[in-house]
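First up is the structure itself, then whatever we jot down about it.
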Amino acid sequence: RFSLSTSWRNGTVILDAANALVEPLNARGGVAVATLRPSPVASSEAIDVHFAETVHDEARAVAAWLAERVAEPPPGSAPGAADADGRPLRASAALLMRNRTTQPIFLAALREAKVPVHVLGIGGLLEQPEIADLVCALSVIDDPAAGTELVRLLAGPRWRIGVADLHALSRIASWLRDRDLAQRAFSDEVKEKLRASVARTDGVSLVDALDFVATAPDGHSQLQSLTAVGLERLRDAGRTFATLRTRTALDLPDLVVSVEHDLMLDIEVAANPARALGEAPREAFFDALDGYLALADHATLGGFLGWLREAEWRDNLSPRSEDPEPGTVQVLTIHGSKGLEWDHVVVPRMVADELPSKPREGTVGWLRLGVLPYELRGDASELPVFAWRGAESRKELLERRAVFSEEVSAHLEREERRLAYVAVTRARHRLLLTGSFWASQARPRGPSAFLGPLVERGIIADLPDSPVNDVNPTIDESAGEPWWPLDPFGHRRERVVAAAERVRAADPTVRGDDRRGWQREIDLLLAERAERLAATGRVSVPLRVPASSFKDFITAPADVAERLRRPMPQRPYRATRLGTVFHRWVEQRYGIGAMPDAIDSLESELDLEAGGLSGAIAGSVAGGGVDGIDADALLALQATFERSAWATRTPIDVERELHVPFEGRIVICKIDAVYSTDPDFDPVRDGSGGPGSSRRPRSVEIVDWKTGKAPRDDADRAAKELQLALYRIAYARWAGLPLDAVTAVFYFVADDAELRPAALPDENELRALWRAAVGGA
7 RFSLSTSWRN GTVILDAANA LVEPLNARGG VAVATLRPSP VASSEAIDVH FAETVHDEAR
67 AVAAWLAERV AEPPPGSAPG AADADGRPLR ASAALLMRNR TTQPIFLAAL REAKVPVHVL
127 GIGGLLEQPE IADLVCALSV IDDPAAGTEL VRLLAGPRWR IGVADLHALS RIASWLRDRD
187 LAQRAFSDEV KEKLRASVAR TDGVSLVDAL DFVATAPDGH SQLQSLTAVG LERLRDAGRT
247 FATLRTRTAL DLPDLVVSVE HDLMLDIEVA ANPARALGEA PREAFFDALD GYLALADHAT
307 LGGFLGWLRE AEWRDNLSPR SEDPEPGTVQ VLTIHGSKGL EWDHVVVPRM VADELPSKPR
367 EGTVGWLRLG VLPYELRGDA SELPVFAWRG AESRKELLER RAVFSEEVSA HLEREERRLA
427 YVAVTRARHR LLLTGSFWAS QARPRGPSAF LGPLVERGII ADLPDSPVND VNPTIDESAG
487 EPWWPLDPFG HRRERVVAAA ERVRAADPTV RGDDRRGWQR EIDLLLAERA ERLAATGRVS
547 VPLRVPASSF KDFITAPADV AERLRRPMPQ RPYRATRLGT VFHRWVEQRY GIGAMPDAID
607 SLESELDLEA GGLSGAIAGS VAGGGVDGID ADALLALQAT FERSAWATRT PIDVERELHV
667 PFEGRIVICK IDAVYSTDPD FDPVRDGSGG PGSSRRPRSV EIVDWKTGKA PRDDADRAAK
727 ELQLALYRIA YARWAGLPLD AVTAVFYFVA DDAELRPAAL PDENELRALW RAAVGGA
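Numbering follows the numbering used here, with no gaps: position 480 of the sequence shown is 486.
Here it is in structure tokens:
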């Protein structure tokens, strides 16, 4: 017989540990928690425990244990079992962190042991070195108070600024803080107010100091405290960030790529053999950027950085949805592991003040500045109550506060106990609990209080009582070699330097064995660069040229050639989409054309029938059915058109597309509307009057609707009129009319203005303009 208390996930020993952890919770009374019982198929593997001297020893032990586990088939599988692709089955495993403070140490050990690793979530992504550097650089560009982020970059592998020069930069920042833009000292009163200010931008700004160092003249007194190498590197950093700030008008994806390239992070990842994850973190970061862009009404760099911080905080506290990956160690927080399970699990850092953690706020609960009172929170029923109401004296109030503090302490301990329970019950078969005395703290931390009952019951082995070392051995101050800034090459320096010397000594004129297959790509890139620098390369004009682009070939052939040479996706501007929807509305108004599904609505859904507006378009726009369209702007254009002279006239043709042979090319003319100007021709009675019609008009006028602004000047007007000239020639040929029987006009709807050229270029004039600008391309 089985009950709801039967666990079908965990092994028997794991359940023993879980029940021991929650036993104090049941002892409190109230709602009893049923003791979990193993299923008939539960495994009976022992729980492993390892308590080391230092966190680095602990991480190496974890990596060795996991390397052995993920290389094995899942417990209970048949010998030689394989997946659907014929690959040997591998066990799943997870490393569950209470927080991510020591995560880089464990990741380094796992990669050193060549264990496949996948760090889950935004929080884990932002811990990746190249992503952390990228986010820091974006912060420095966006925020002049991002001093911590700047220090990380300056002390990192790109610039490797030492402690002395960073301290000197800090002193320069202090000097600048007390001066105006002309470097005149503030009065004592102003200095005092600045020091008392709580605004982030009123403090010492290392970013401003770096900008000053980059632009200060040689010999400035404030530069004397910097070393020669430090000054050179700081100036290079200052110029780099100044250049990047000039690109903040770019779209966010383009800006991120620009920062990545200027900091050479892409090259760093490609050249680092320890980066087993390769491009995965970068792809995940751009996926996160896409997620932000999909949500943001107005995407900004500051908004994206704030979204990342919020996403990291929420991600570390929310359950993950990823499935286990056989043969790979997934790294995530204990909070994120709720609801998941793996064959093997490691719970590291089970030490005092880490699991259970030491609360940052102590035991004062919400009795701190800026914290929401417990009774106003949604989970108030689960939180301790501070009975401050009704206290008749200060002494009584303090006594009640002491009681509240004890309850807060007990509540936090229960929360940590539940978290430990979640961690150990994620394992199906094998569980490793680890800790160490020394990490980065000044005093050793002993085993977690949660491990004591497990030792007493014989569930895990005995633990050491005290460390071997009296001081933290992870910081060896007696070492003769400076430990910061770290050498980015580490133990690989000799090999990297030797390889660089071989490259410098190589003869570039001698083609070697192109084993990587890059030589052809390199040759092509160099040839393209030489061609661009020489500016002699010709670009082939496409066979099909839109009439709307004809003016660009005539007035700006170099810009067109650049776009053809390096085509780039064009940003979908709102004005362009508005114009497209308006043109389709005109088509529907005249009873032709069909709207795409994106802006389709049922007539029964509409409530904007007044004014002659097309229900399908007006209804869908008003209801938000067209992404990126300003409904008010569209309604204004429609209302203006309804008041114009064109609203009461019947066209003989709408959206007529004509192809015109021209100088070895095909010019594509899509004419918005054509009206008869022959008083004896009736479109209702005589039809379109096109080829094959029994009756044709003797004269017509072409109208091109424009939703943009009217021409700025005569040159702009002349360039736009080239489009009308092509339409005029195309329609005259198609309809069999003399050229002088066809006129053309622009109607700028937004301005309710007609632009009717007095004269338009004929075909010979257009050909002359084309040949002068494009030649025989």
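Beta carbons: idealized from backbone N, C-alpha and C, even for Gly.
Reduced DSSP category for Leu256 - H, G, I as helix; E, B as strand; rest coil: coil
Helix, strand or coil at Ser13 [DSSP, three-state]: strand
Same chain, Cβ closer than 8 Å to Thr440, neighbours up to 5 away in sequence not counted: Val55, His56, Phe57, Ala58, Glu64, Ala67, Val68, Val352, Val353, Pro354, Arg355 and Met356
Residues bridged to Met356 [DSSP beta-bridge criterion]: Bridge partners of Met356: none, in fact.
Short Cβ contact (7 Å threshold) for Ser472 with Leu311: no
Touch test, the region 227-237 against the region 167-182, Cβ-Cβ under 8 Å, three pairs minimum: Pairwise C-beta distances place the region 227-237 in contact with the region 167-182, as three or more of them are shorter than 8 Å.
Proximity test, Cβ basis, 7 Å: Ala511 and chain B: Here there is only one protein chain, and chain B is not present.
Collapsed DSSP secondary structure at Ser1 in the structure displayed: Residue 1 falls outside the range modelled here, since the chain spans only 7 to 783, and no answer is possible.
At least 3 beta-carbon pairs within less than 8 Å: the region 239-246 vs the region 123-133: no
3-residue-minimum beta strand (DSSP E) runs that sit fully inside the region 388-453, ordered along the chain: 433-444
For Glu347, the nearest candidate out of Trp14, Ala397, Arg395 and Phe292 (CA to CA): Trp14
DSSP beta-bridge partners of Trp784: Because residue 784 is not part of the residues shown, which for the chain are 7 to 783, the question remains open.
Three-state class that DSSP yields for Val627 in the structure shown: Caution applies to Val627, whose pLDDT of 45 falls short of 50 and renders its modelled position unreliable; the value that the coordinates give is listed next. Here Val627 sits in helix by DSSP.
Burial state of Met270, where buried means 16 or more other Cβ atoms lie within 10 Å: Exposed: under 16 other Cβ atoms inside 10 Å.
Member of Trp181, Asp710, Ala774 and Ala426 whose CA lies at the smallest distance from the CA of Ser554: Asp710
Rounded C-alpha distance that separates Arg451 from Lys120: 29 Å
Whole-Å CB distance - Phe668 paired with Ala716, under 8 Å assumed: Rounded, the Cβ-Cβ distance is 27 Å, inconsistent with contact.
Pair within 7 Å by beta-carbon distance, Ala191 and Arg183: no
Residue burial classification, Thr713 (beta-carbon count within 10 angstroms, cutoff 16): buried
Leu775, DSSP secondary structure in three states: Leu775 carries a helical assignment under DSSP once its states are collapsed to helix, strand and coil.
Boundaries (first-last residue) of the beta strand (DSSP E) holding Lys676: Lys676: member of the beta strand (DSSP E) spanning Arg671 to Ser682, first to last residue.
Cβ contact (3+ pairs, closer than 8 Å) linking the region 671-682 and the region 733-749: Enough Cβ pairs lie closer than 8 Å, so yes.
For Arg158, the nearest candidate out of Asp148, Ala174, Glu195 and Leu140 (CA to CA): Leu140
Inter-stretch contact at 8 Å, needing at least 3 Cβ pairs: the region 418-426 / the region 90-98: no
Inter-residue Cα distance where the pair is Trp776 and Phe556: 9 Å
Inter-residue Cα distance where the pair is Ser411 and Leu131: 37 Å
Closest residue to Val474 among Ser442, Glu663 and Asp217 (Cα-Cα distance): Ser442
Proximity winner among Gly585, Val547 and Asp638, relative to Gly670 (alpha-carbon distances): Answer by Cα proximity: Val547.
Residues sharing a beta bridge with Phe57, DSSP: Gly441
Residue burial classification, Lys401 (beta-carbon count within 10 angstroms, cutoff 16): exposed
Inter-residue Cα distance where the pair is Arg288 and Val263: If you take the alpha carbons of Arg288 and Val263, they lie about 10 Å apart.
Proximal residues to Ala23 (C-beta, below 7 Å), its chain only, five neighbours per side dropped: Ile53, Val430, Leu460 and Ile465
Host alpha helix (DSSP H) of Phe647 (start-end): For Phe647, the enclosing alpha helix (DSSP H) has its first and last residue at Ala637 to Arg649.
Beta-carbon gap between Asp684 and Arg704 smaller than 7 Å: yes
Neighbour-count burial assignment, Thr60, 16 or more Cβ in a 10 Å radius: buried
Phe687, DSSP secondary structure in three states: In the three-state reduction of the DSSP assignment, Phe687 falls in the coil class, being assigned neither a helical nor a strand state.
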